[in-house]
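**Q** Just dropping this structure here.
Protein chains in written order, with my numbering: chain A, -6 to 300; chain B, -6 to 300.
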């Protein structure tokens, strides 16, 4: 079953609030479960959201500030406590390796689950290449002061079969699969190619752009994203604060979404200074014409159907 | 103002539940604020309970299992983030020092608050001796497998002035304070001693007995406690599990309270296996005649008035 959905676990920047836990985002992608930036309390937010340790196949940490990683010890210990028997891949900036060491072994526990580390180096890094389901994850270095990486998940481009062309060519039943696999099929002495009876179908793309100033990498990560999760810590009025602390305003997040051709923009990582976040949404909507939502803890956002 | 009150932050053993966070207990004791066993999510539970980082003067960790300490990084970083300008005393079992190192510096932050460490060694250790307000905190080693300490806060015994005796001796106004300070007062040529006009008044005692099997130390910690917080992970039916994992049953917690002459017993640290905790309360009430309550997250329990 193909389920591609974002489960929002937490949305607060720096400190939690009554209604917003520290960061935490879980991406369901067919059989994969990718946990981004588990802040403190992620373990319990998972429970509230109906996500279990067994659902996690990968953990991607953008950087080693507490609001993006202090939930890691709890999550990692739960993998062992709950007897998760598949390896979990853990990606993080290599410069934060000493912190990851401390977080992985922060308190006494009996380690049985396997966690495979992928420390990221350089401006761009391949994080994962999967065949089932087929996708790759790349990371790009952002501009936050402390080394931070954003992530992008790409499904390979494919082709959409055109039923009317198939019918015209007299192809149906198991022959369709055969044609897809070998790229051609001989029908009554004539060779029909895949290209004749199908159209290009762009793969789906998910992008996760967390703590950063505006930078080329943010645009590259978001390029053509079907779903873009982007930090929007400040309003334009506080743009100086955003620049000083290496963050984005809601308007800047919207600019990234617009210029990169993203379809759905999820704003998150809000400063607690704003009682009413509708200002951020309005700022973003003035710039971005696609669907734009303010992330709320424990809600879900579907990756929209393929273009 | 004299406020002596326990603020319950979390009550779950091992893993959090929908209604119970990992452990966390905050004792308000006049101007002091003592945080016991900050489990993951304590930072946010404090917010829900109206406790701020500035309220914390001491942190006492019983042992280095995750459900008793994974909230430490968040709390310690908040001390700096919120600019707490008094030193905070941190007590923990010396054998857990490597974990405390990792927890204190688990992720990147700018440290400005002062945390003074008190690693505990031996069967009994003096944790603190305070004059204002006057109390001492002692720790005793429990029996949990992993080294664990329970804590006991003792106010020194004092004397309660007897108004009728003071009146009979002709002492009033500022002379009462003078008599209390020097232990005697000459009135019309006669020396009146403090003992003549006052009666002994036992100091208040608070005890915190966490993960342990039944052991002498648990009884010694609870001796004459006005308020005893005691783990009650299991029911008597699961006594074998309790013994195996180094925990108490509710009945054993009640036995500690009864034999040590405690007045109010707060049961906590519940296994998630019990949907209905009233069984634990009933077990305890069959044995302990004093006031007995099941701890609930975000509730408060007053230390009862002095005997």
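C-beta: ideal position from N, C-alpha, C; glycine also.
#1: Would you identify the three-state DSSP class for residue 91 of chain A, choosing helix, strand or coil?
#2: Is residue 64 of chain B buried or exposed, if buried means 16 or more other CB atoms sit within 10 Å of its CB?
#3: Is there a Cβ of chain B sitting closer than 8 Å to that of residue 95 of chain A, yes or no?
#4: Going by the DSSP bridge assignment, what does residue 123 of chain B pair with across the sheet?
#5: Measuring CA to CA, which of B/76, B/13 and B/45 is closest to residue 262 of chain B?
#6: Name, please, each residue of chain B whose Cβ falls closer than 9 Å to the Cβ of residue 9 of chain A.
#7: Checking contacts by CB at 8 Å: is residue 285 of chain A closer than that to chain B?
#8: For residue 198 of chain A, I'd like the list of residues in its chain whose CB is within less than 6 Å of its CB, leaving aside the five on either flank, ordered along the chain.
#9: From the beta carbon of residue 265 of chain A, is the nearest beta carbon of chain B less than 8 Å away?
#10: Would you identify the three-state DSSP class for residue 191 of chain A, choosing helix, strand or coil?
#11: Below 8 Å, how does it come out for the region 100 to 108 of chain A and the region 72 to 86 of chain A: are there three or more Cβ pairs, yes or no?
#12: If residue 303 of chain A and residue 201 of chain A are in contact, beta carbons under 8 Å, what's the gap, nearest whole angstrom?
#13: For residue 44 of chain A and residue 0 of chain A, which I take to be in contact (beta-carbon distance under 8 Å), what is that distance rounded to the nearest angstrom?
#14: Considering residue 251 of chain B, what are the terminal residues of the beta strand (DSSP E) in which it resides?
#15: Would residue 59 of chain A and residue 35 of chain A be called neighbours here (beta carbons separated by less than 8 Å)?
#16: Is it the case that the region 154 to 166 of chain A contacts the region 180 to 198 of chain A, given that we only count it when at least three CB pairs across the two stretches are under 8 Å?
#17: Mind reading off the beta-carbon distance from residue 242 of chain B to residue 281 of chain B? Whole number of angstroms is fine, and I expect it under 8 Å.
#18: In chain order, which continuous runs of the alpha helix (DSSP H) of length 4 or greater are located wholly inside the region 167 to 246 of chain A?
#19: Any C-beta of chain B sitting closer than 8 Å to the C-beta of residue 58 of chain A?
#20: Using a beta-carbon distance below 8 Å, is residue 245 of chain B in contact with chain A?
#21: If the criterion is Cβ atoms closer than 8 Å, does the pair residue 221 of chain B and residue 9 of chain A meet it?
#22: Could you check which residue in A/181, A/173, A/2 and A/144 has the C-alpha nearest to that of residue 162 of chain A?
#23: Which bits of chain B does residue 18 of chain A rub up against, with CB to CB less than 8 Å?
#24: Does residue 62 of chain B come within less than 8 Å of chain A when only Cβ atoms are used?
#25: Pair every Cβ in the region 228 to 240 of chain B with every Cβ in the region 271 to 286 of chain A, then say whether three or more of these pairs are closer than 8 Å.
#26: Quick one: what's residue 109 of chain B bridged to in DSSP?
#27: Do residue 297 of chain B and residue 259 of chain B count as a contact pair if the criterion is CB distance below 8 Å?
#28: Starting from residue 54 of chain A and walking both ways along the beta strand (DSSP E), at which residues does that stretch end?
#29: Report yes or no: do three or more beta-carbon pairs, one from the region 88 to 104 of chain B and one from the region 118 to 134 of chain B, lie closer than 8 Å?
#30: Quick one: Cα of residue 11 of chain A to Cα of residue 42 of chain B, how far?
#31: Measuring straight from C-alpha to C-alpha, what distance separates residue 123 of chain A and residue 52 of chain A?
#32: Could you tell me the distance, in whole angstroms, from the CA atom of residue 322 of chain A to the CA atom of residue 6 of chain A?
#33: Mind listing the chain A neighbours of residue 98 of chain B? Cutoff is C-beta to C-beta under 9 Å, in chain order.
#34: If you check the beta carbons only, do residue 113 of chain A and residue 86 of chain A fall under 8 Å apart?
#35: Of the residues A/244, A/237, A/238 and A/229, which one's Cα is nearest the Cα of residue 223 of chain A?
#36: At least one CB of chain B closer than 8 Å to the CB of residue 227 of chain A: is that the case?
**A** Answer, in terms of the structure:
#1: helix
#2: buried
#3: yes
#4: B/128
#5: B/13
#6: 34, 36, 37, 40 and 67
#7: no
#8: 147, 217, 218 and 219
#9: no
#10: strand
#11: yes
#12: Nothing can be reported for residue 303 of chain A: it is not among the residues displayed for chain A, which extend from -6 to 300.
#13: 6 Å
#14: Per DSSP, residue 251 of chain B belongs to no beta strand (DSSP E); it is in the alpha helix (DSSP H), 243 to 252.
#15: no
#16: yes
#17: Not quite, the Cβ-Cβ distance comes to about 13 Å (not below 8 Å), so this is no contact.
#18: 167 to 175, 209 to 215 and 232 to 238
#19: yes
#20: no
#21: no
#22: A/181
#23: Those do not exist, as residue 18 of chain A stays about 18 Å from chain B at its closest Cβ, beyond 8 Å.
#24: yes
#25: no
#26: B/82
#27: no
#28: Here residue 54 of chain A belongs to no beta strand (DSSP E), and DSSP marks it neither H nor E.
#29: no
#30: 10 Å
#31: 15 Å
#32: Residue 322 of chain A is absent from the structure shown; chain A starts at -6 and stops at 300.
#33: 91, 92 and 95
#34: yes
#35: A/244
#36: no
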